[in-house]
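Reviewing the structure listed below.
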Amino acid sequence: MEQDNGNLLLSIQLNYNQFTKTEKKIADYVLQNAQDVPFMSITELAEGCGVAEASVHRFCRTLQIKGYQNFKMQLSLSLHDGQQVAHEGTSEKEEEAQEESLFQKILSNNLSAIRETSALLDRDVVEKTVEMMTAARRIFFLGVGNSMITAEEAQGRFLHITPKVQYVVDTHMQAMAASMLTPEDMLIFISYSGSTSDNVRVASLGRACGARISVITRYPKSALTKYADTVLICGSKEGPLEGGSMGAKMSQLYIVEVLFQLYYQRNPEESRENNRKTAAAIVDRYEDR
């Protein structure tokens, strides 16, 4: 297999004649849609190419790449290198103009992420999720990596109005907790990709115990969503080089806030009383400061 100093796109072109018929279908799709593939799940790429997910895995191995996530990372790096070469040819005046528009671009991207998330939210799915939360004895917010931070923030938000929310950091502890769930319990996963193996493992354990499961993710079809009772789609596009982007976090937190406000509306007396208690519990922390 010919390699070209880590340039994945060029490697695909150099080795095209050695690919099988199925691999050529994948190669053609990647070369024609290189800008979009880093934002696609393996399920979406397989469907776009008209092949099985296993074929995508084999294509990665043929290219001597370990796993689909590494494939997307190398593809992103190839695209980034090409953009860097183009950037080196820009004039000083053009660079100043780019800097002036930076603030507006950041604002636009983040607002777009929230607007897209709002458009993608299915009210019936949100309602069902809140119904499950209301009925649940315990609710666990779970995430891995950057999503773990969002899960902690979600738990902190809901702790203002209900004591039944929990947050477990360590993935081993998550698995242990999931193994002892009951049909009265609920897991809410926050996972941009929906393919993190630790999340999938915990979800399978929770499902085996009969727990209800909801997933906040970018991709409706993934290894994690196969276990979900409800799937809430966030709208931000995030490439492999943008892991933990603020756009993705804002779109996830927007969904958390929608769930919070609707839960409050559906459980007004309990939520109002608990909110009063939790506010009183910490109000002295802010006196004389």
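First residue of the sequence shown: 19, per the working numbering; consecutive thereafter. Note that CB positions come from ideal geometry on N, CA and C, so glycine has one too.
What are the residues that DSSP puts in a beta bridge with residue i?
i	result
M58	According to DSSP, M58 bridges with nothing at all.
F159	Y185 and I206
I234	I208 and L250
Please state whether DSSP places residue i in a helix, a strand or coil.
i	result
N25	coil
S289	helix
Q82	coil
N33	coil
T200	coil
I179	coil
L242	coil
C227	coil
V74	helix
L271	helix
S213	coil
D140	coil
V218	helix
K90	helix
T168	helix
Q255	The identity of residue 255 in the sequence shown is Lys, whereas the question assumes Gln. Coil.
S263	coil
V69	coil
T296	helix
Q53	coil
T38	coil
S10	No information on residue 10 is available, as it lies outside the stretch 19 to 307 that the chain covers here.
A154	coil
Let me know if residue i comes out buried or exposed under the rule of 16 or more other beta-carbons within 10 Å of its beta-carbon.
i	result
M58	buried
N217	buried
M268	buried
F121	exposed
Y281	buried
F158	buried
D203	buried
E41	buried
Y272	buried
K90	buried
Y245	buried
Y34	exposed
G38	A small fix is needed here, since residue 38 is Thr in this sequence, not Gly. Counting Cβ neighbours within 10 Å, T38 comes out exposed, since fewer than 16 surround it.
M194	exposed
P286	exposed
T180	buried
L125	exposed
S94	buried
I300	exposed
V187	exposed
P56	buried
A153	exposed
A172	buried
S29	buried
Q283	exposed
- Count the C-beta pairs between the stretch 247-256 and the stretch 225-237 that are closer than 8 angstroms, then say yes if the count reaches three, no if not. yes
Check your understanding: For the stretch 224-233 against the stretch 130-142, are there 3 or more C-beta pairs whose distance is under 8 angstroms?
Key -> no
- Any 3 or more C-beta pairs closer than 8 angstroms across the stretch 61-72 and the stretch 36-53: yes
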